[in-house]
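Engineer: First residue of the sequence shown: 1, per the UniProt record's numbering; consecutive thereafter.
Before I ask anything, let me first share the structure, which is written out below as structure tokens.
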Amino acid sequence: MLGHHPSIGFNVSLSGDWVVLAAGPSQRIGIDVERINDAIELEVARRFYAEEEYCAVMQQQTEEQRLRQFFRIWTAKESYMKAIGKGLSMPLDSFSTVKGNALAEKQLINGRRWYFRTFTLEAGYLLTTCADTYDFDEAIQFYDIASLIPLN
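Encoded structure:
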């Protein structure tokens with residue numbers, strides 16, 4: 001129960017063995033976690049990303065860097081769409097999460113300022129949070145599910 005704290009927002013995402021939660025004083029908060037999948041065809045970025053984002057992917061030096069950039073952008077886009085309550089119902093190319101060749105830490109999207117923070121989990125996983133206020137922790141707090149929920 002949120003009780004006396006109705007302004008607290010939260011969002012959840014899962015991928016593989018990871019379940020992640022973002023919570024904070026902003027009611028508009030989103031999070032996405034994804035495994036970097038080397039089977040993805042990077043041409044997906046040409047078809048679905050904003051032009052600036054596609055260029056940010058393809059300008060990376062190596063295939064590994066291109067994949068990492070692809071998923072940085074993907075997690076940013078999905079966390080933004082979750083923060084505004086749209087999920088994947090809006091066109092992915094209708095907004096951009098990059099400035100120049102890099103993921104923006106803050107970006108004006110549809111007249112509103114949004115803040116992004118990307119973290120690397122274990123090798124092969126990225127997560128990005130998005131909120132309308134910059135109130136991100138410097139580090140991720142990890143909990144084993146067994147410490148939160150009795151599994152006996």
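Each residue gets a CB set at the ideal place from its N, CA and C atoms; glycine is no exception.
Only a predicted model underlies this, so the values are computations on that prediction, with no experimental measurement involved.
1) So if DSSP puts residue 99 in a beta bridge, which residue, or which two residues, is it bridged to?
2) Quick check: the Cα distance between residue 96 and residue 38, rounded to an integer number of angstroms?
3) Look at the alpha carbon of residue 117 and the alpha carbon of residue 99, and state the distance between them as a whole number of angstroms.
4) Select from 150, 115, 101, 119 the residue whose C-alpha is nearest the C-alpha of residue 58.
5) Round the Cβ separation of residue 103 and residue 76 to the nearest angstrom and send it over; I've been treating them as touching at under 8 Å.
6) Helix, strand or coil for residue 122? Go by DSSP, reduced to three states.
7) Should residue 136 and residue 128 be called a contact, given that it needs their Cβ atoms to be closer than 8 Å?
8) By how many angstroms is the C-alpha of residue 149 removed from the C-alpha of residue 17?
9) Which value, in whole angstroms, describes the spacing of the CA atoms of residue 28 and residue 131?
10) Please report the residue range of the beta strand (DSSP E) in which residue 31 lies.
11) Inspect the beta-carbon positions of residue 31 and residue 13 and report whether they are closer than 8 Å.
12) For the alpha helix (DSSP H) containing residue 70, name the first residue and the last one.
Structural biologist: On the basis of the supplied data:
1) Among the bridge pairs identified by DSSP, residue 99 is matched with 102.
2) Cα to Cα, residue 96 sits roughly 23 Å from residue 38.
3) Spanning the two alpha carbons is a distance of roughly 14 Å.
4) Residue 58 has its Cα closest to that of 101, out of 150, 115, 101, 119.
5) About 6 Å separates the beta carbon of residue 103 from that of residue 76, a gap short enough to meet the 8 Å contact definition.
6) Here residue 122 sits in coil by DSSP.
7) Not a contact, by the Cβ cut-off of 8 Å.
8) Cα atoms of residue 17 and residue 149: separation of roughly 16 Å, rounded to the nearest angstrom.
9) Each residue's alpha carbon lies about 6 Å from the other.
10) For residue 31, the enclosing beta strand (DSSP E) starts and ends at 29 to 35.
11) A contact, by the Cβ cut-off of 8 Å.
12) Element bounds for residue 70: 63 to 83.
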